[in-house]
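Residue numbers (our numbering), protein chains in the order written: chain U, 10 to 269; chain G, 10 to 269; chain E, 10 to 269; chain P, 10 to 269.
Beta carbons: idealized from backbone N, C-alpha and C, even for Gly.
What follows is a short report on a single structure.
There are 4 protein chains.
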Amino acid sequence: MTSTSGTPVTRLCTHTLTSLHYREADLVEDLLGKKTFTEVMLMQILNRTPRGVDLRITDAVLVVLMEHGLTPSAIATRLIYMSAPENLQGAVSAGLLAVGSSFVGTMENCAGLLDRIGAAADPDAEAMEIARHYKGLRSPVPGFGHHLHKPVDPRAYKLLDMARAEPELAGHKVRALERLSAAVDAMAGRPITINATGAVAALLGEIGVPTGVMRGFAVISRAAGLVAHIVEEQQSPSGRFIWDTVEHAIPFVGASGKPA
Amino acid sequence: MTSTSGTPVTRLCTHTLTSLHYREADLVEDLLGKKTFTEVMLMQILNRTPRGVDLRITDAVLVVLMEHGLTPSAIATRLIYMSAPENLQGAVSAGLLAVGSSFVGTMENCAGLLDRIGAAADPDAEAMEIARHYKGLRSPVPGFGHHLHKPVDPRAYKLLDMARAEPELAGHKVRALERLSAAVDAMAGRPITINATGAVAALLGEIGVPTGVMRGFAVISRAAGLVAHIVEEQQSPSGRFIWDTVEHAIPFVGASGKPA
Amino acid sequence: MTSTSGTPVTRLCTHTLTSLHYREADLVEDLLGKKTFTEVMLMQILNRTPRGVDLRITDAVLVVLMEHGLTPSAIATRLIYMSAPENLQGAVSAGLLAVGSSFVGTMENCAGLLDRIGAAADPDAEAMEIARHYKGLRSPVPGFGHHLHKPVDPRAYKLLDMARAEPELAGHKVRALERLSAAVDAMAGRPITINATGAVAALLGEIGVPTGVMRGFAVISRAAGLVAHIVEEQQSPSGRFIWDTVEHAIPFVGASGKPA
Amino acid sequence: MTSTSGTPVTRLCTHTLTSLHYREADLVEDLLGKKTFTEVMLMQILNRTPRGVDLRITDAVLVVLMEHGLTPSAIATRLIYMSAPENLQGAVSAGLLAVGSSFVGTMENCAGLLDRIGAAADPDAEAMEIARHYKGLRSPVPGFGHHLHKPVDPRAYKLLDMARAEPELAGHKVRALERLSAAVDAMAGRPITINATGAVAALLGEIGVPTGVMRGFAVISRAAGLVAHIVEEQQSPSGRFIWDTVEHAIPFVGASGKPA
């Protein structure tokens, strides 16, 4: 919020000659050696002291979002690292730019649907309306289906089981996802797997992460995954091989439509 | 490493229709609900099962690198977020590009000096040689001094005390930093504080993080810090205020040398 | 397009041991010393030999998009350059990430409206519908109004006059913008200026740039503008001043709501 | 430079309610329709009115740096665009991060050598010393050799011929490159081609571009090249094909060293 004068303020961090505070906490006295990275991260993002359940859910979400092998983000990071090895942060930044609406960041799209279902007078009708809408577009419902994991995305079911086992969670987002899943299956006439981003949307929603913030968890987690790709690139470079492979696989054709 | 055929390989992640593995571990069976984000991150980056001490040191390092208020990286992230709010990952990426040789990523510069001292036949002479070199350049020794924290950087001393309290750590990097500190003080004729990045260099070195990888920990941690800045920006925007403030503070002058 | 086998192909560039081709053109024989940067850029982006009018319009658009002083993108570039001066491309990239839906890249939003008007059975009714829609949202129509240039954005009127003076242009996008302008004025009950991005949308549309490509021209032009900011930063650094100014202008407040 | 008060100033751009100035020039009155993009870019970067020769050399340099097919930067841009198509600027920014010390931005490394030769009391001895140094490192001299263009890089010789044909150029940088070329050949015992980045370093030096600014020209030019790659990606997507090809080409192996 802003002060009465309209000047914006920050509540995240302040420092003096002799101390540094993260919100109300003294970094040296209250945090170092006492709180984990996940704990302080949630304290800063959610502006509250995280509970044990918040940490368990967040760690699971961050672990599941960290890696999926040689993805577009990992390939981009490896190629940029080869080109500018003096600039590790640039290679990670390049890969993070892939956390968009089509991959990795997609939990936002599903979370928006869960918000709609949660706010609807008739949640089941809203879920069916959503399923019908995407069928009309001939496009998958965000949070459902996976081009690699068939018939089911094992990550999704494990994450949902973890959430169901947490008595402190209200369960409303998980139930909204279950409603949407039933509607998606009915509309398809066969079971469609819930995927990891669907489950991540439900779990982050359960611990109170706003939909517009969820993509940030993918960015944080993927940053760690991409650093591991850079370490592997330092030990066994693949960048030149990727370059040669792609250049060879995609031929040039001239206006004639024939290879030059 | 590469296979005998010269084709690069990856050891980070593989997936089948029904499972996903991070190195040797089954994501669903072995990691979700059993390992924290910090634990899996270290397993991927260091290619070994982290010990308790590795987690304690890494969490402390990540927490200390997360925030320092309205830094260049946080200001850049807030401005980019205002300009392209549909693109949270772009705002974080912009801020991460500040993790360079001058700020945040500076632990690399200090770690390189600790490596030299550790490898020297006469470590104290090497430390003195380094201190003399930077005095000649009239520039601070990487890892020493701080323009905001005077006379001492409380973060540095806390981190070093944590490392000294860990019997499993060899202590060679901390001792190298102590040697360098003694040389820096002797050269200056007064005590110069060890700063946080100096301590971070020593601690990451103690748990076996190669110097060329250290900057990655700043990137991961700062990504979390920048997401918190975006959340605050969503709640109380400062971007327009920053723009107006900077534009007003830096006048235009024409070739005449006079304001237009 | 893709080959019959489904393998993608490229038509942009190919090289042999002794030559390099951009599309059908031999770089050394046909382009170097014979074609300008703007000319080759358009040939590559539009896949046709640009006419004189295409070059005049494109140069005007690129010049107008290059600079607007200490904008969010320029401030971000200067701060990132201060933090990682070894990495000029990172500083430019950070600033380019500001070319989004809210600033600089906004011509896309306006061009989409011009496309709608051009495709409508009753263009004037469509324009009025658009104006009514945004009035309902209490938000400005993309391409209209400017917080700095009042009552009129002189860039917009100059660009439109240039387009009107080109007999080879069909004028359909300019007319669509004029229709939208009349509707916007009628809805507001007073004249609202067309702004530079509105005019840019019309001009790029007149030379056949698809709406989804227009943002690219802002990226190219702003890259040049940001390089000039870096040169000025090299000669008279402002990064530290910006940092101190912003940090001082935005106070920290604790949970109490009072400054710490 | 900064004002007497130490407050930084800018000389690049200023605006009023009714006008916008780029340095001393009125954008609407003096630039639009009168100056090309290349012309205004140089005026802003070099802070002087460019001559015809400056434009000819700059256009040639920008054209030669624009494209080299499916390079790491183009591949990264295509992959990021597939992942976040709503965010064209992010895809270009990702590719630009490849303009580093190893590719594209390498003219800086060569320009630094030309600066040394130009400043040396005995330029030929300095050139030989440089050639000897790199031979000792078993690494190519920046600006010499090319892994794709053999035996000669045709771009380099064309660019140098263009510069030699310009009577207004002093020729000192071209001569320094010729001296270095003679030394490189002598040290190798066979002719080694001057490459495009070597020639670019000499040409930009001839028109007075400081070595520390040269990489910016690669960034500007490559931005245009990458926009063309995005347009091709919009028309015939290759991102998914690249992803599948790379993932299939680089096998996972477990700790056993055997494929999983």
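Discussion item. Pop quiz: E:W252 and E:L106 are said to be a contact at Cβ under 8 Å. What is the actual Cβ separation, rounded to whole angstroms?
Written reply: Looking up residue 252 of chain E in the third sequence gives position 243. Looking up residue 106 of chain E in the third sequence gives position 97. Contact doesn't hold; Cβ gap of about 19 Å is too wide.
Practice prompt. Could you have a look at U:P198 and say whether DSSP puts it in helix, strand or coil?
Written response: As a first step, residue 198 of chain U is located in the first sequence; it is residue number 189 there, counting from the start. The sequence given here places Gly at residue 198 of chain U; Pro does not occur at that position. Looking at U:G198 - three-state DSSP - the assignment turns out to be coil, as it is neither helix nor strand.
Fill in: Minimum Cβ-Cβ distance from G:M171 to chain U less than 7 Å
For this step, residue 171 of chain G is matched to residue 162 along the second sequence. So, interface residue.
Practice prompt. Return the Cβ separation of U:V72 and G:L21 in integer angstroms, given the expectation that the two are a contact with Cβ distance under 8 Å.
Written response: Counting from one through the first sequence, the residue named residue 72 of chain U turns up at place 63. Counting from one through the second sequence, the residue named residue 21 of chain G turns up at place 12. Not quite, the Cβ-Cβ distance comes to about 14 Å (not below 8 Å), so this is no contact.
Item to complete: Give the straight-line distance between the Cα atoms of P:T13 and E:Q244, rounded to the nearest whole angstrom.
Response: Position 4 of the fourth sequence, counted from the start, is the residue given in the question as residue 13 of chain P. Position 235 of the third sequence, counted from the start, is the residue given in the question as residue 244 of chain E. Per-residue confidence for P:T13 stands at a pLDDT of 47, beneath the threshold of 50, marking its modelled position as unreliable; the derived number appears in the next sentence. Their Cα atoms are separated by approximately 15 Å.
Item to complete: Measure the C-alpha to C-alpha separation of E:R184 and E:N56 and round it to an integer number of angstroms.
Response: Translated into positions along the third sequence, residue 184 of chain E becomes position 175. Translated into positions along the third sequence, residue 56 of chain E becomes position 47. Cα to Cα, E:R184 sits roughly 26 Å from E:N56.
Worksheet item: Cα separation between P:M171 and G:P132?
Response: On the fourth sequence, position 162 is the one that residue 171 of chain P refers to. On the second sequence, position 123 is the one that residue 132 of chain G refers to. Rounded to the nearest angstrom, the two C-alpha atoms are 56 Å apart.
Worksheet item: Would you say E:E33 faces chain U, with C-beta separation under 7 Å as the test?
Response: Looking up residue 33 of chain E in the third sequence gives position 24. By this cut-off, E:E33 is an interface position.
Item to complete: Helix, strand or coil for U:T13, going by three-state DSSP, please let me know.
Response: What you label residue 13 of chain U is simply residue 4 of the first sequence in a count that begins at 1. The predicted position of U:T13 is uncertain, since its pLDDT is 47 and thus under 50; a value taken from the coordinates is nonetheless stated next. Three-state result, U:T13: coil.
Fill in: Integer-rounded CB distance, given that G:M50 should sit under 8 Å from G:P246
Residue numbering aside, residue 246 of chain G sits at position 237 when the second sequence is read from its first letter. Residue numbering aside, residue 50 of chain G sits at position 41 when the second sequence is read from its first letter. In fact, because the Cβ distance is near 32 Å, the residues do not count as touching under 8 Å.
Discussion item. Is it buried or exposed, U:R257, if we count other Cβ atoms within 10 angstroms and call 16 or more buried?
Written reply: Indexing the first sequence from 1 puts residue 257 of chain U at position 248. A quick correction: the sequence has His, not Arg, at residue 257 of chain U. If you draw a 10 Å sphere on the C-beta of U:H257, you find fewer than 16 other C-beta atoms in it, and that means exposed.
Fill in: Neighbourhood of E:P200 by C-beta distance below 6 Å, restricted to the same chain and skipping five residues each side
Taking the third sequence and counting its residues from 1, one reaches residue 200 of chain E at position 191. Closer than 6 Å at Cβ, skipping near neighbours: D194.
Worksheet item: Using a Cβ-Cβ cut-off of 8 Å (strictly less than) and excluding sequence neighbours within five positions of U:A269, which residues of its own chain qualify?
Response: By 1-based counting over the first sequence, the position of residue 269 of chain U is 260. Any reading at U:A269 must be qualified, since the residue scores a pLDDT of 49, below 50, and its modelled position is unreliable; the value itself is stated next. Around U:A269: F261, V262, G263.
Worksheet item: In this structure, does DSSP put U:F153 in helix, strand or coil?
Response: Here residue 153 of chain U corresponds to residue number 144 of the first sequence, with the count starting at 1. Strand.
Fill in: Per-residue DSSP class, three states only, for E:L161
Position 152 of the third sequence, counted from the start, is the residue given in the question as residue 161 of chain E. Residue 161 of chain E is actually Val in this sequence, not Leu. If DSSP states are grouped into helix, strand and coil, E:V161 belongs with coil.
Discussion item. My output table needs one value for E:A93: the three-state DSSP class, helix, strand or coil.
Written reply: Counting from one through the third sequence, the residue named residue 93 of chain E turns up at place 84. Coil, per DSSP.
Fill in: Spatial distance of U:V218 from U:T47 (CA atoms)
Position 209 of the first sequence, counting from 1, holds the residue named residue 218 of chain U. Position 38 of the first sequence, counting from 1, holds the residue named residue 47 of chain U. If I take the Cα positions, the gap works out to 14 Å.
Worksheet item: At least one CB of chain P closer than 7 Å to the CB of U:F112: is that the case?
Response: Walking along the first sequence from the start, residue 112 of chain U turns up at place 103. Closer than 7 Å: yes.
Worksheet item: Hey, is U:I89's beta-carbon within less than 7 Å of any beta-carbon in chain E?
Response: One-based indexing of the first sequence puts residue 89 of chain U at position 80. Taking Cβ atoms only, chain E never reaches closer than 7 Å to U:I89, which makes this a no.
Worksheet item: Buried or exposed: where does E:T27 fall if 16 or more other Cβ atoms within 10 Å of its Cβ makes it buried?
Response: Working through the third sequence from its first residue, we reach residue 27 of chain E at position 18. E:T27 should be labelled exposed.
Worksheet item: Who are P:L29's beta bridge partners in DSSP?
Response: As a position in the fourth sequence, residue 29 of chain P is number 20, starting the count at 1. Residue pairing from DSSP places P:L29 in a beta bridge opposite P:H24.
Worksheet item: Which one or two residues does DSSP pair with P:D35 in a beta bridge?
Response: In the fourth sequence, the residue the question calls residue 35 of chain P occupies position 26. According to DSSP, which records beta bridges pairwise, P:D35 is partnered with P:H30.
Worksheet item: Would G:G263 count as contacting chain P if we go by Cβ distances under 7 Å?
Response: Residue mapping note: residue 263 of chain G aligns to position 254 of the second sequence, counting from 1. For G:G263, a Cβ of chain P is located within less than 7 Å of the residue's own Cβ.
Worksheet item: Near E:A303, which residues of its chain fall below 7 Å by C-beta distance, leaving aside the five closest residues on each side in sequence?
Response: As shown, chain E starts at 10 and ends at 269. That puts residue 303 of chain E outside it, with no answer to give.
Discussion item. Mapping the DSSP letters down to three states, classify G:R141 as helix, strand or coil.
Written reply: For this step, residue 141 of chain G is matched to residue 132 along the second sequence. The answer is helix: DSSP assigns G:R141 an H, G or I state.
Fill in: Within-7 Å CB hit, G:A136 to chain U
Residue numbering aside, residue 136 of chain G sits at position 127 when the second sequence is read from its first letter. Judged by the 7 Å Cβ criterion, G:A136 is not in contact with chain U.
Worksheet item: Would you say U:I251 reaches chain E, if we count a Cβ-Cβ gap shorter than 7 Å as a contact?
Response: Position 242 of the first sequence holds residue 251 of chain U. For U:I251, the answer is no, since every Cβ of chain E falls outside 7 Å of its Cβ.
Worksheet item: Are the C-beta atoms of E:N96 and some chain U residue less than 7 Å apart?
Response: If you number the third sequence from 1, residue 96 of chain E lands on position 87. Chain U, which has a Cβ nearer than 7 Å to the Cβ of E:N96, makes this yes.
Worksheet item: Name the chain P residues whose beta carbon is nearer than 8 Å to that of G:I259?
Response: Your numbering for residue 259 of chain G matches position 250 in the second sequence. Going along chain P in sequence order, the residues near G:I259 (Cβ under 8 Å) are T16, P17, V18, T19.
Item to complete: Locate the alpha helix (DSSP H) running through U:V222, then write down its first and last residues.
Response: Taking the first residue of the first sequence as 1, we reach residue 222 of chain U at position 213. First-last of the alpha helix (DSSP H) with U:V222: 220–244.
Item to complete: Identify whether E:T19 lies in helix, strand or coil by the three-state DSSP scheme.
Response: Sequence index remark: in the third sequence, residue 19 of chain E carries index 10 (1-based). Strand at E:T19.
Worksheet item: Between which two residues does the alpha helix (DSSP H) containing U:A208 stretch?
Response: Here residue 208 of chain U is taken as the residue at index 199 of the first sequence, counted from 1. First-last of the alpha helix (DSSP H) with U:A208: 205–215.
Practice prompt. Determine, using beta carbons only, whether U:P81 comes closer than 7 Å to chain P.
Written response: Here residue 81 of chain U is taken as the residue at index 72 of the first sequence, counted from 1. It does: the Cβ of U:P81 has a partner Cβ on chain P nearer than 7 Å.
Worksheet entry | Contact list for the region 122–152 of chain E against chain G, Cβ threshold 8 Å | So the list is empty, because no residue satisfies the distance condition.
Fill in: Residues near U:L36 in its chain [Cβ-Cβ closer than 7 Å; skip 5 each side]
Numbered from its first residue, the first sequence carries residue 36 of chain U at position 27. Cβ neighbours of U:L36 beyond the five flanking positions: L29, H30.
Practice prompt. Compare the C-beta of P:T23 against all C-beta atoms of chain G and say whether one is closer than 7 Å.
Written response: In the fourth sequence, the residue the question calls residue 23 of chain P occupies position 14. At least one chain G Cβ lies under 7 Å of P:T23.
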